[in-house]
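**Q** I have a structure here, written as structure tokens, and I will follow up with some questions on it.
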Amino acid sequence: MKKSSFVRFAILGVALIAFTSMNANLNILGFTVICMEDVVHSQSTNETEEGHWLNDPKKKSVLFSVIAIGQLLGTFPIVSRMRIMGMRFAERLK
Numbered sequence: 329m330k331k332s333s334f335v336r337f338a339i340l341g342v343a344l345i346a347f348t349s350m351n352a353n354l355n356i357l358g359f360t361v362i363c364m365e366d367v368v369h370s371q372s373t374n375e376t377e378e379g380h381w382l383n384d385p386k387k388k389s390v391l392f393s394v395i396a397i398g399q400l401l402g403t404f405p406i407v408s409r410m411r412i413m414g415m416r417f418a419e420r421l422k
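If you count by the working numbering, then the sequence shown holds residues 329 to 422, one letter each, in order.
Structure follows, in structure tokens:
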């Protein structure tokens, strides 16, 4: 295997790991909301404490919306820089 081919596969692997880790946050939050429904039910019987954040649909929707807005807003600077510089020099964005 040529050195240039190895570098391309290394960049592909690093990009795959980076995109996976960025999207893992949203997936973990979704699984947390799904798996914690029983916690909400158990906390609703306790009258002395404040309710769990999953009881409030507004808080849940704001949390998911902020993640989506952050992903959208984070895309625009990178895309505009890549359009100006070109894909060949995208490594210099760091």
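Glycine included, C-beta positions come from ideal geometry on N, C-alpha and C.
Helix, strand or coil for Met364, going by three-state DSSP, please let me know.
**A** As a first step, residue 364 must be located in the sequence shown, where it is residue number 36. Looking at Met364 - three-state DSSP - the assignment turns out to be coil, as it is neither helix nor strand.
**Q** Could you tell me the boundaries of the alpha helix (DSSP H) in which Gly398 lies?
**A** Here residue 398 is taken as the residue at index 70 of the sequence shown, counted from 1. Where Gly398 is concerned, the enclosing alpha helix (DSSP H) stretches over Pro385 to Met413.
**Q** Do Ile397 and Leu357 count as a contact pair if the criterion is CB distance below 8 Å?
**A** Position 29 of the sequence shown, counted from the first residue, corresponds to residue 357. Position 69 of the sequence shown, counted from the first residue, corresponds to residue 397. No, these two residues do not count as a Cβ contact at 8 Å.
**Q** Is Val407 closer than 8 Å to Lys388 when the C-beta atoms are compared?
**A** Here residue 388 is taken as the residue at index 60 of the sequence shown, counted from 1. Here residue 407 is taken as the residue at index 79 of the sequence shown, counted from 1. Not in contact: Lys388 and Val407 (Cβ atoms no closer than 8 Å).
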